[in-house]
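To start, the structure under review is shown below, and the notes come after it.
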Amino acid sequence: MKILVINAGSSSLKYQLFDMEHETVLAKGLCERIGLDGHVRQTAPGRPDYDAERPMPDHESAIRVLTELLTAPEIGVLGGMNEISAVGHRVVHGGEAFNGSVLIDEKVLAAVEECVPLAPLHNPPNLVGIAACRAILGDVPQAAVFDTAFHQTMPDKAFIYALPYEYYETMKIRRYGFHGTSHLYVSRRAAELLDRPLEELKLITCHMGNGTSVTAVDGGRSVDTSMGFTPLEGVPMGTRCGSIDPAIIEYLATQHGMEIAEINSAMNKKSGVLGISGVSSDFRDLDAAADGGNRRAQLAIDVFAYDVRKYIGAYAAAMGGCDALIFTAGIGENNARMRARIAAGLDFMGLRLDPARNGARETVISADGSPGQILVIPTNEELVIARDCAALVGSCLR
Numbered sequence: 002m003k004i005l006v007i008n009a010g011s012s013s014l015k016y017q018l019f020d021m022e023h024e025t026v027l028a029k030g031l032c033e034r035i036g037l038d039g040h041v042r043q044t045a046p047g048r049p050d051y052d053a054e055r056p057m058p059d060h061e062s063a064i065r066v067l068t069e070l071l072t073a074p075e076i077g078v079l080g081g082m083n084e085i086s087a088v089g090h091r092v093v094h095g096g097e098a099f100n101g102s103v104l105i106d107e108k109v110l111a112a113v114e115e116c117v118p119l120a121p122l123h124n125p126p127n128l129v130g131i132a133a134c135r136a137i138l139g140d141v142p143q144a145a146v147f148d149t150a151f152h153q154t155m156p157d158k159a160f161i162y163a164l165p166y167e168y169y170e171t172m173k174i175r176r177y178g179f180h181g182t183s184h185l186y187v188s189r190r191a192a193e194l195l196d197r198p199l200e201e202l203k204l205i206t207c208h209m210g211n212g213t214s215v216t217a218v219d220g221g222r223s224v225d226t227s228m229g230f231t232p233l234e235g236v237p238m239g240t241r242c243g244s245i246d247p248a249i250i251e252y253l254a255t256q257h258g259m260e261i262a263e264i265n266s267a268m269n270k271k272s273g274v275l276g277i278s279g280v281s282s283d284f285r286d287l288d289a290a291a292d293g294g295n296r297r298a299q300l301a302i303d304v305f306a307y308d309v310r311k312y313i314g315a316y317a318a319a320m321g322g323c324d325a326l327i328f329t330a331g332i333g334e335n336n337a338r339m340r341a342r343i344a345a346g347l348d349f350m351g352l353r354l355d356p357a358r359n360g361a362r363e364t365v366i367s368a369d370g371s372p373g374q375i376l377v378i379p380t381n382e383e384l385v386i387a388r389d390c391a392a393l394v395g396s397c398l399r
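Residues 2 to 399 (my numbering) make up the sequence shown, in order.
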């Protein structure tokens, strides 16, 4: 079975093609600058790389380009698009309607549309990607895999906000959580690496990239997570402020004449470690600047590490323990210095990092004799989408 995985953004479209017999990636690519001049890159094992400017006025034309590349004689990997059994789509927000992945039909599309106000930057391009695939691939089954679904197991004491309860009942204001496919993948992979049943483990998973979220996973179920109603809540991120006193918004509006849109833009695009440092949202740049004596760059690094460590402590308390701490995503997988900063001081929880192992990937990096384990696990959200899609299609064929 061959599964095409699509992650559609507002002006980009990432794709991967999987052969599910051995869960191998046959090809992957990125269509970007959709609606502008258009550019596409594709790589496939044993085939020449493709990198070119291609006109892509909309997402449908981007889907046409990727189908052409996947079936091209020299660089393609398919004899025809009829070899694709199904398409899996990353959909950011499923609200309370979905606690798992689903095959897409008109009811599903309507429910995803209803969640647009909850994710106005993400769900619309997700829907456009689905529509484009339908237009090009016809009746090929398509599945929606939701970032929010994994966190639907949170108890109400974890997801409810202390606002008038009718805000939840009528406006669905609650904590939803994001990066669900990543937290799901690394928690399952951690159980495999530790050779222990997932149902017996209390895990804390740290997805740390330009967007960062920390999740408490108890027995394989998300029981709390740092992102909330939107991906803005939680720890400070690359350009997002994370959790702040909400009265700051009123203060900026009434005392400094800022409009809501301006404040929202500042909190999402000009804050986080970029806002603190004034240097960059990239931790490689921050490390270099801090090493050169830039005090604000060092402060941004310290604030990020401190806040992640606070969530780790909070979630250990919430679960009554922590068997393993997992680092994943761009910073979590590649920044050994940040892992060391976060792990510093966690000895009281039985989590002790081994500096000699800290440069490794997809393995245990805690010290011998550490009661709790620390792991680095590269995330693979696309594989989660492909697996869910294959399972859904397979169940329909049986």
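Every residue, glycine too, gets a C-beta built ideally from N, C-alpha and C.
| Item | Value |
| --- | --- |
| Under 7 Å between C-beta atoms of M2 and A391 | yes |
| Beta-carbon spacing of A191, A325 below 7 Å | yes |
| With 16 other Cβ atoms within 10 Å as the buried cut-off, status of P56 | exposed |
| Within-7 Å CB hit, L27 to chain B | Although the question refers to chain B, the structure presented lacks it and comprises just one protein chain. |
| C-alpha distance - G212 paired with D308, whole-angstrom precision | 14 Å |
| Rounded separation between Y166 and F230 - CA only | 15 Å |
| Cβ-based burial, I245 [other Cβ within 10 Å; buried from 16] | exposed |
| Beta-carbon proximity of A53 to F99, cut-off 7 Å | no |
| Length of the line joining the Cα atoms of R435 and P142 | Residue numbering for the chain in the displayed model covers 2 to 399; residue 435 lies beyond these limits and cannot be assessed. |
| For D348 and S367, believed in contact at Cβ under 8 Å, the rounded distance | With 8 Å as the limit, S367 and D348 do not qualify as a contact, their Cβ atoms being about 11 Å apart. |
| Cβ neighbours of R399 in the same chain (closer than 6 Å, five flanking residues each side left out) | For R399, the predicted model reports a pLDDT of 46, less than 50, meaning its position is unreliable and no value from the coordinates is stated. |
| Assigned exposure category for L5 - 16 Cβ within 10 Å defines buried | buried |
| First through last residue of the alpha helix (DSSP H) which encompasses N359 | Premise fails: N359 is in no alpha helix (DSSP H) and is neither H nor E. |
| Beta-carbon proximity of P247 to G273, cut-off 7 Å | no |
| Option in I64, K15, N8 and D283 with minimal Cα separation from I137 | I64 |
| Test item: CB-CB of V377 and R362 under 7 Å | yes |
| Nearest-angstrom Cα separation, counted from P232 out to K173 | 16 Å |
| Alpha helix (DSSP H) runs wholly inside the stretch 145 to 210, at least 4 long, in chain order | 157 to 160, 166 to 172 and 181 to 195 |
| Whole-number beta carbon distance between T182 and I386, since they are thought to touch under 8 Å | 7 Å |
| Under the three-state DSSP convention, the category S266 falls into | helix |
| Unbroken stretches of the alpha helix (DSSP H), 4 residues or longer, contained in the stretch 24 to 105 | 60 to 72 |
| Classification of Q153 by the beta-carbon crowding that lies within 10 angstroms, buried from 16 upward | buried |
| Residue nearest to E69 in terms of C-alpha spacing, selected from F19, P372, C32 and D38 | C32 |
| Residues of its chain near S86, where Cβ-Cβ distance is below 7 Å and the 5 sequence neighbours each way are ignored | M2, K3, I4 and V394 |
| Host beta strand (DSSP E) of E222 (start-end) | In the sequence as presented, Glu is not what sits at residue 222; that position holds Arg. First-last of the beta strand (DSSP E) with R222: R222 to T226. |
| Pair within 7 Å by beta-carbon distance, D219 and M155 | no |
| Close beta carbons around E234, own chain, < 8 Å, minus the five adjacent residues each side | R176, S227, M228, G243 and S244 |
| Secondary structure of L138, DSSP reduced to three states | helix |
| Close beta carbons around F328, own chain, < 6 Å, minus the five adjacent residues each side | C207, R340 and V377 |
| Limits of the beta strand (DSSP E) - the one that V117 falls within | Per DSSP, V117 belongs to no beta strand (DSSP E) and is neither H nor E. |
| Per-residue DSSP class, three states only, for R399 | A caution first: R399 carries a pLDDT of 46, below 50, which makes its placement in the model too unreliable to give a value. |
| Contacting residues, own chain, Cβ-Cβ under 7 Å from Q17 (five flanking each side not counted) | V6, V26, K29 and E383 |
| Straight-line Cα distance separating R353 from V365 | 11 Å |
| Sequence-distant residues of its chain with Cβ nearer than 8 Å to Y316 (five each side left out) | I205, V215, T216, A217, D225 and C323 |
| Opening and closing residue of the alpha helix (DSSP H) in which V304 lies | R296 to M320 |
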